[in-house]
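Peer 1:
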Amino acid sequence: MSMRLRTKGRLVAKNRPVHFTFNGKRLQGYSGDTLASALLANDQLLVGRSFKYHRPRGLVAAGAEEPNALVELGRGERQEPNARVTQVELFDGLTARSQNHWPSLEFDVGVINAKLSRFLPAGFYYKTFMQPQAFWKHVYEPIIRASAGLGRAPKTGDDYTYEHFNVAVDVLVIGGGIAGLAAALAAGRAEARVLLVEQTSGWGGRAVVDQPSIEGITAQDWVNATLAELDAMPNVDLRLRCQGAGVFDHGYALAHERLTDHAPKQGGPRQRLWRIRAGRIITATGAIERPLSFAYNDVPGVLLAASLRDYVVNFGVAVGERTVIVTNNDDAYRTAIALHDAGLQVPAVIDARPSAKGDLPQQVRALGIKVLTNSGIAAVDGGKRVTGVQVCAQDGEGTVTETIPCDCVAMSGGWSPVVHLWSHCGGKLVWDAPHAFFRPDTDRPPLGADGEGFVIAVGTANGHLFTAEAIADGFSAGRKAAKVAGHTRKPGQVPMGDDIAEEAMAPVWIMPAQAPYKLRSKMWLDYQNDVKVSDVQLAAQEGFQSVEHAKRYTTLGMATDQGKLSNINGLAVLSDALGEAIPQVGTTTFRPPYTPLPLAAITGVARDELFQPVRKTPVHAWHDAQGAEFEPVGQWRRPYAYPRGDETAHDAVTREVVNTRENVGLLDASTLGKLIVKGPDAGKFLDMMYTNMMSNLAVGKCRYGLMCSENGFLMDDGVVARMDDDTWLCHTTTGGADRILAHMEDWLQCEWWDWQVYVANVTEQYAQFAVVGPKARQLLQAIGGMALSKDDLPFMQWANGQIGGFDVRVFRISFSGELSYEIAVAAGQGAAFWDLLVKTGEAFGLMPYGTEALHVMRAEKGFIMIGDETDGTIIPQDLNLKWAISKKKDDFLGKRGQMRSHMVDPDRWKLVGLETVDGSVLADGAYAVDEGTNANGQRNTQGRVTSTYYSPTLKKGIAMGLVKHGPNRMGEVIAFTKEGGGFVDARIVDPVFYDKDGEKQNV
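Here the sequence shown stands for residues 457 to 1459, where the numbers follow the numbering used here.
(1) Determine the contact status of Ser-1403 and Asp-1380, defining contact as a CB-CB distance below 9 Å.
(2) When burial is assigned at 16 or more other CB atoms within 10 Å of the CB, is Asp-1102 buried or exposed?
(3) Just to confirm the assignment, what range does the beta strand (DSSP E) spanning Asp-1386 have?
(4) By Cβ distance, which residues of its chain are closer than 8 Å to Arg-1089, with the 5 residues on each side in sequence left out?
(5) Going by DSSP, which residues form a beta bridge with Arg-809?
(6) Would you mind listing the beta strand (DSSP E) stretches within the region 916 to 997 that are 3+ residues and don't spill past its ends, in chain order?
(7) Apart from the five residues just before and just after Ser-1342, which ones in its own chain have a Cβ nearer than 7 Å to its Cβ?
(8) So, do the region 1012 to 1027 and the region 517 to 525 have three or more beta carbon pairs nearer to each other than 8 Å?
(9) Given Met-1426, which residues of its chain have a CB within under 8 Å of its CB, disregarding the five upstream and five downstream residues?
(10) Using CA atoms only, rank isn't needed, just tell me which of Arg-746, Val-1041 and Val-1440 is closest to Ala-962.
(11) Comparing alpha-carbon positions, which option in Gly-854, Asp-615 and Val-911 lies nearest Gly-700?
(12) Are Thr-829 and Val-802 close, meaning C-beta to C-beta below 9 Å?
(13) Output the boundary residues of the beta strand (DSSP E) element that contains Arg-1117.
(14) Could you check what DSSP says for Gly-707 in three-state terms: helix, strand or coil?
(15) Taking the alpha-carbon positions, what's the Leu-1310 to Gly-1323 distance?
(16) Using only alpha-carbon positions, find the residue among Cys-698, Gly-757 and Pro-1054 that is nearest to Val-775.
(17) Considering only the alpha carbon of each residue, which of Ala-957, Ser-977, Ala-960 and Glu-959 lies closest to Ile-966?
(18) Assign Asp-693 to one of three DSSP states: helix, strand, or coil.
(19) Mind checking Phe-1449: buried by the 16 CB within 10 Å criterion, or exposed?
(20) For Phe-1300, which residues in the same chain have their Cβ closer than 8 Å to its Cβ, ignoring the five residues on either side in sequence?
(21) With DSSP as the reference, identify every bridge partner of Asp-564, one or two as the case may be.
(22) Could you tell me whether the Cβ atoms of Arg-714 and Arg-697 are closer together than 9 Å?
(23) If you draw a straight line from the C-alpha of Asp-548 to the C-alpha of His-891, how long is it?
(24) Hey, would you say Glu-1316 sits closer than 9 Å to Thr-1389, going by beta carbons?
(25) Just to confirm the assignment, what range does the alpha helix (DSSP H) spanning Trp-1203 have?
(26) Between Asn-680 and Phe-580, what straight-line distance do the alpha-carbon atoms span, to the nearest angstrom?
(27) Round the Cβ separation of Gly-839 and Pro-559 to the nearest angstrom and send it over; I've been treating them as touching at under 8 Å.
(28) Using a Cβ-Cβ cutoff of less than 8 Å, which residues in the same chain neighbour Gly-723 once the five nearest sequence positions on both sides are dropped?
(29) Just to confirm my understanding: we take Trp-659, look at its own chain, exclude 5 residues before and 5 after, and list those with CB closer than 7 Å. What are they?
(30) Got a sec? Which residues, its chain only, sit under 8 Å from Asp-1451 by beta carbon, not counting five neighbours each side?
(31) Measuring CB atoms only, is the region 1069 to 1084 touching the region 1050 to 1061, in the sense that at least three cross pairs come out at less than 8 Å?
(32) May I ask which residues mark the beginning and end of the alpha helix (DSSP H) holding Val-1312?
(33) Between which two residues does the beta strand (DSSP E) carrying Ser-831 extend?
(34) What does DSSP give as the partner residue(s) for Tyr-1450 in the beta ladder?
(35) Taking Cβ to Cβ, would you say Gly-1026 is nearer than 9 Å to Leu-981?
(36) Is it the case that the CB of Asp-1173 approaches a heavy atom of the ligand ZN more closely than 8 Å?
Set out below in C-alpha cells:
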C-alpha cells in the first residue's frame, strides 16, 4: 500500500496539516504536498480511468509529463476539468473529483470496452462507422459525441482575474535546475537583463533530489548560494510556478505563471501570461524519464523510477512497501538506494542489460539487494493494484523464470531531453545513438531575423546527463547570450560538478525482446489514449509508414500530455516494424504550448465587454447626446443617422442629405484608417501595394488608390497623400485599417524584408471631420485661420495650417460630390474643434449627418463602397476602374492575378447604375433574372444589386449593380427579384446620377 513515511519529505511541513476531499472523501495532507503526493499518502493509488478502455490508472510520473491523473477541481460553483494532480499544490479546502468513469471510479461500467479490445484496435473507428450510412446520424454520431472528451465543461463563469505582462529582456532562461541557474548566474554577472522562470514551486530540479556535489558542496547548498546571489542582482528576475509555454519567431516567448492557484484565499490575479521579447532564449528544460514497454505496465503502482524517488525524497511518500525496479540504465539504481534509505524493501532490481558492474549497481548489491541482469518483466500481476511481477529473460519470448511478490514497480527506460521549446520555432534534432534519444542539433538552431540562432538548449535538455557537463553547458550559454546582447563583463569561473560514473544504457523498446502478440497487446505506450505496442505495429502493417500518419491513426501522443512519455517508445516500435532506423522515421511535430493553457489565461482581461472593445471617436459622447442611432463598422460605432423628434431613421437620412446638398453638413470621419508609410523605399513599396502609381505623387497632393490582393481581387480603397519626400499617409476604409496594416507588414516582413519601409497605424491619433456642402467654405472662413479658396487649396490637395486656433491638416477631397474639406486635428482636441464647427455652423444651417446619408450621397455620385460593390471576387475592371490601374509600372500586387483567363472573360458582370421604371427602391442584393434555367433547374441570372437607396436629391430609388455586359446595354430594361416574390423592372443607366462633371465638388 502507498503511505506517508515517518522520515524524508524535504518539501512538506508535517506540522501544518491540510484537509482536502477526493471523490467526496475527506483526506489529510501537509503544506508543501502536491495533490498527487497527498493522494498517495492516503493510499489512493487509483486516480482515473483510461479514455478508450476505461482501464484503472494510477500515477506514472511526478511532473508535467503525467498522463493519467487528471481530475476536476471544484472551486465554489465552478468546476475546472483536466487538472494534472502532479502540478496541483495542496491547499486547505481543495475539492477534487476523478474523471472518465460511471458510476464511480472503483466500479466503472465502461471497462466493458477492455473486454471488447480485440474488436477495438487502432483505427477501428475508420473501419467501423462506415455502414450502413443511415446509422451515422442516429446511432454512431450520438454515441461518439457522448463518449468524446475528458471532464465536464464548467457551467458558470470564471470570476477570477487573469493578467498579461509584457517584458523585454536580454536573456530568458527557461528552467530552474542547475543548468538554468548556472546560465542565469553567468548572464546576470555579465550585467545582462535576465528573466529566469521555473515551472515548479522550487529550484534545483533533479539535482536537489539526487544531491551530486557542486563546487565541493551539496547541490542543495550550491542552489541556495546561487539563488542568494541572483536575488541580490537588480538585473535578474526569478519566477517560480512559471512555465515556459512556447517559443516563437523574433525572440518572442510565452510563459504561464500560476500566482494564487496554490493559495486561492490570498487574493489578486490567479494567473499571469508573460509575453516576452528576448535577445536570446536559453532552454534548460531538463529531460523526462521514459517508461518501459512490458505487459500490464499500466497497473496502478507501476511508475517511473525517478518519479518514485521524487515522491520519497521530496514528499516523504512511498507508493508501496516492496518495490521491484526494472531498468536498462544505472540511474534507476539511485531509486533503489533511496528506497532502502527510507526503510522500504527492494526485492530485486531487474536490469535488461547483459551486465551491471557500475558503481551504482555495486552500491545496491552492497545493500543486500538482488540484481537480475539480462532480465525483464514478462507481466505485472494485479488489477487495481500491483501484486507482483513475472520475471523472464530479456532476449526471450516471455517464459517466466520466477514471480516476485511486490506492491510497486519502478521502471526506467532511459531519458529523453525536453526539446519541445527548442523545436517550436524550427530547431532541428539529431539522434544520439549511445543514449537512445533525440537531442538538439546545435548546428541547426531556430534562426532569428539576423540569421543567427536565438535559442540555446543547455544541460540535460541538450543531452548532457551528468552534473559537470550540464552545469558547464548552462554557464557557457549564459555567458554567450549576455555577450551577444552587448554585455562583456566576465562572469567568473565555471562551477565544477561531480557525479558517480555510470555505465552505458541499453535501448529497450519491448520487454522481452521477442514478446509474442499476447504480451505485446498488453504493453501500453500511450496510457491516456490506450495505445499499445501492437497498435503501432498494426499501423505499420496497414501502410501508415509516416510517423505523423501513424500518430493520427493510433492517436499515439494525441492525449493531453502530447506524447511526453510515449512518443520515443512509439517511434522506436514503428521504426522496428518498418525495418528502418529511428532517425529515418523522424519525429512528430512539437507545437506550443508545452502543456495545455487555460483559455482564461490566454484571454487575460479580453473578456466580456473587453473581449472586443467598442472603439469610439473623440466626439462619440456628443453623438450619443444628440440621440444618434449607431451602427457597428468593424469595432467602431458610427452614427447611422440623427433622428429629431418623431422622425424615423429614414426621415432623418432624407433631411441630412437634403441639408448637406443645400447648406452644409458635418461628418465624423475619424474612424477612417490612417497609415503612415515612411522610408527610403516607401514609394516603391506603395507602387506595389496600389494599382496606380504613388511614387510620383507630388508632396502636398492626394490621389485615390485601389489595393488588391495577390489574386487580383479588390480589397480596399482610399485617398493617399504625400507628406514629404519619403512619407505618405494612406487612408483606408473604417474596417480596413488593422487588416491593411497586417497586409503591408506581411509583405514587408516575409517578401520585401530588405526594403527600408516603416508602417504605423495612426488612426486613433487624429480626429477627422468632413465639412461638406455649398456653404462649407463660408463656414470655415467665418472661423478663420487659413486660406481655403479654390486657388489656395485646389481639389485633391492638402495643407497644414490653423483654423480657429487649432492646428489642423486640411484635405480637399470629397466622397459626396459636394464642396468638401476633411480636417484632421489631434485626437485630444477633436471634441473642442467639433464644438467650434457646430457652434459656428448654426448660422449656415449646419447639420451633422451619419453614415447612411454618406452612403446615399456617394451612390448618387457613383462612388463605390468596399464591402458593397466588392465581395472578395471583384476586380477593379468590373467596377469600370481601369483608369486607376497604372500603365507606367511593371508590377503591382494582383496584376498577374487579373491576367488569368476568368479575370479577362468578357462575360464578367460590370458595374452600372439602375433605376426602377416605377421609381421604387430595389431590394438590396436582388438578382437580375435571365432566360432559361441552369443545370440545377434554377433560374439563370445576369446581374445583382450591390447598393440601393432612396435618393432625396433625385426623389426616386437609385441603385448600383453588376450586370452582364452592363456598360454596353445602357437604357435596356431588365427584371429584378422582389422581396416576397415577383419581379420589378429597372433600367440600366450611367452609375453617376448626380453632377457627372464634378462641378459642385470643385467650386
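The beta-carbon is built from N, C-alpha and C at its ideal position, and this holds for glycine as well. Note that the coordinates shown come from a computational prediction; the quantities given were computed from them, not determined experimentally.
Peer 2: The structure says:
(1) Along the sequence shown, read from residue 1 onward, the residue named residue 1403 stands at position 947. Along the sequence shown, read from residue 1 onward, the residue named residue 1380 stands at position 924. A contact, by the Cβ cut-off of 9 Å.
(2) Taking the first residue of the sequence shown as position 1, residue 1102 is located at position 646. The residue in question, Asp-1102, is exposed, as its Cβ has fewer than 16 Cβ neighbours within 10 Å.
(3) Within the sequence shown, numbered from 1, the residue matching residue 1386 stands at position 930. Looking at the DSSP string, the run of the beta strand (DSSP E) that includes Asp-1386 is 1383 to 1389.
(4) Working through the sequence shown from its first residue, we reach residue 1089 at position 633. The question names Arg, but residue 1089 is Val in the sequence shown. Excluding residues within five positions, the ones whose Cβ falls inside 8 Å are Thr-1127, Thr-1190, Gly-1191 and Thr-1307.
(5) Position 353 of the sequence shown, counted from the start, is the residue given in the question as residue 809. BP columns for Arg-809 are empty, so no partner.
(6) 980 to 982
(7) On the sequence shown, residue 1342 is found 886 positions in, with the first residue counted as 1. Closer than 7 Å at the Cβ level, and outside the excluded window around Ser-1342, lie Thr-1147, Asn-1148 and Met-1149.
(8) yes
(9) Here residue 1426 is taken as the residue at index 970 of the sequence shown, counted from 1. So the list reads Val-1368, Ile-1444, Val-1445 and Asp-1446, once near-sequence residues are dropped.
(10) Against the sequence shown, residue 962 aligns to sequence position 506. Looking at the Cα atoms, Arg-746 is the closest of the given residues.
(11) The residue you call residue 700 lines up with position 244 of the sequence shown. When each option's Cα is compared against that of Gly-700, the closest is Val-911.
(12) Position 373 of the sequence shown, counted from the first residue, corresponds to residue 829. Position 346 of the sequence shown, counted from the first residue, corresponds to residue 802. Cβ distance not < 9 Å, so Thr-829 and Val-802 don't count as in contact.
(13) Here residue 1117 corresponds to residue number 661 of the sequence shown, with the count starting at 1. No beta strand (DSSP E) holds Arg-1117; the alpha helix (DSSP H) holding it covers 1105 to 1118.
(14) Numbered from 1 along the sequence shown, position 251 holds the residue referred to as residue 707. In this structure, Gly-707 counts as helix in the three-state DSSP scheme.
(15) To locate residue 1310, count along the sequence shown from 1; it is residue 854. To locate residue 1323, count along the sequence shown from 1; it is residue 867. For Leu-1310 and Gly-1323, the distance between alpha carbons rounds to 15 Å.
(16) Indexing the sequence shown from 1 puts residue 775 at position 319. Nearest of Cys-698, Gly-757 and Pro-1054 to Val-775, Cα basis: Gly-757.
(17) In the sequence shown, the residue the question calls residue 966 occupies position 510. The residue with the shortest Cα to Cα distance from Ile-966 is Ser-977.
(18) Looking up residue 693 in the sequence shown gives position 237. Strand.
(19) What you label residue 1449 is simply residue 993 of the sequence shown in a count that begins at 1. Phe-1449 is buried by the Cβ-count criterion.
(20) Position 844 of the sequence shown, counting from 1, holds the residue named residue 1300. Excluding residues within five positions, the ones whose Cβ falls inside 8 Å are Asn-1119, Val-1120, Lys-1231, Gln-1234, Leu-1235 and Ala-1238.
(21) Numbered from 1 along the sequence shown, position 108 holds the residue referred to as residue 564. DSSP output for Asp-564 lists Pro-559 as bridge partner(s).
(22) Mapped onto the sequence shown, residue 714 falls at position 258. Mapped onto the sequence shown, residue 697 falls at position 241. Against a cut-off of 9 Å, the Cβ pair of Arg-697 and Arg-714 comes out as a contact.
(23) Start at 1 with the first residue of the sequence shown, and residue 548 comes out as number 92. Start at 1 with the first residue of the sequence shown, and residue 891 comes out as number 435. Their backbone Cα atoms lie some 43 Å apart in a straight line.
(24) Locating residue 1316 in the sequence shown gives position 860, where the first residue counts as 1. Locating residue 1389 in the sequence shown gives position 933, where the first residue counts as 1. Going by C-beta atoms, Glu-1316 is not nearer than 9 Å to Thr-1389.
(25) The sequence position of residue 1203 within the sequence shown is 747, counting from 1. Element bounds for Trp-1203: 1193 to 1206.
(26) Stepping through the sequence shown from its first residue, residue 680 is reached at position 224. Stepping through the sequence shown from its first residue, residue 580 is reached at position 124. Answer to the nearest angstrom: the Cα atoms are 54 Å apart.
(27) Here residue 839 refers to the residue found at position 383 of the sequence shown. Here residue 559 refers to the residue found at position 103 of the sequence shown. Not a contact, Cβ separation roughly 19 Å.
(28) The residue given as residue 723 occupies position 267 in the sequence shown. Excluding residues within five positions, the ones whose Cβ falls inside 8 Å are Thr-716.
(29) Walking along the sequence shown from the start, residue 659 turns up at place 203. Here the set comprises Gly-632, Leu-637, Val-679 and Leu-683.
(30) Mapped onto the sequence shown, residue 1451 falls at position 995. Correct list, in chain order: Gly-1273, Lys-1317 and Gln-1457.
(31) no
(32) Working through the sequence shown from its first residue, we reach residue 1312 at position 856. From DSSP, the alpha helix (DSSP H) with Val-1312 extends over 1307 to 1316.
(33) The residue given as residue 831 occupies position 375 in the sequence shown. Here the beta strand (DSSP E) through Ser-831 covers 831 to 837.
(34) Residue mapping note: residue 1450 aligns to position 994 of the sequence shown, counting from 1. Paired residue(s): none; Tyr-1450 is not in a bridge.
(35) Mapped onto the sequence shown, residue 1026 falls at position 570. Mapped onto the sequence shown, residue 981 falls at position 525. A contact, by the Cβ cut-off of 9 Å.
(36) The ligand ZN is not among the ligands present in this structure, which contains no ligands whatsoever.
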